[in-house]
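Numbering of the sequence shown is given in the UniProt record's numbering, commencing with residue 1 and proceeding in unit increments.
For glycine and all other residues, C-beta sits at the position ideal for the given N, C-alpha and C.
This one's a predicted model, so the numbers in the text were calculated from it and none came from an experiment.
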Amino acid sequence: ENMVAAIAQHPGLNTTIVRPCALYGPRCISGRVIQKFIEAAITGGDINIQGDGKDKEDFTFIEDLIDGVVKVINQPENSIGEIFNITAGEARSIGELATLVKSHFPETVITYSERDKMKPMRGTLSVEKAKRLLGYSPNYPLERGLEDYIGWYKSFWPKGMGKKWTVPDKVA
């Protein structure tokens, strides 16, 4: 972000900064907490929460990010030189996420371990500026996005496949 801001100082270079947060959804295989929880559950493992489950993240479904970026691109008069949080606009707890994943995999057990003290605390990023200037409005609350993401996993996850797995070429 600092590099983009520095580049923006050069005449004729128009920039906009987009800040997504806790991105998830089909084809998102970055090893974030949602992916880890789903993969643990789909392979019959436990969902392990580091800490007490009260940490929060502003989980953002990929379709909402795409919608926000398209709005930035299509409205340069409102976006050039600006910084936008393109997120769900509502932080949810890790414990709540684990419970939602478990609702799709009832046999899954939720366990707890010590929280990594180096992990930063997070929360909600305001999307008010993106709403006001771009007309952005997230359409995927966590429940809906999670259902789509889990459906994507279930649609091709090899039966009996363990934790060692990579995305097949047909979906990458």
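{"Item": "Through-space distance from Ile110 to Lys119, alpha-carbon basis", "Value": "20 Å"}
{"Item": "Any 3 or more C-beta pairs closer than 8 Å across the segment 83-93 and the segment 14-26", "Value": "yes"}
{"Item": "Residues bridged to Phe61 (per DSSP)", "Value": "Tyr24"}
{"Item": "Opposing strand residues paired with Ile17 [DSSP bridges]", "Value": "Ile83"}
{"Item": "For Tyr153, the three-state DSSP class (helix, strand or coil)", "Value": "helix"}
{"Item": "Buried versus exposed call for Leu125 [16 or more other C-beta atoms within 10 Å across all chains shown]", "Value": "buried"}
{"Item": "Distance between Asn74 and Leu13 (C-alpha atoms, nearest Å)", "Value": "17 Å"}
{"Item": "Assigned secondary structure, Arg115 (DSSP; H/G/I helix, E/B strand, else coil)", "Value": "coil"}
{"Item": "Lys54 (DSSP reduced to helix, strand or coil)", "Value": "coil"}
{"Item": "DSSP state of Ile29 mapped onto helix, strand, coil", "Value": "coil"}
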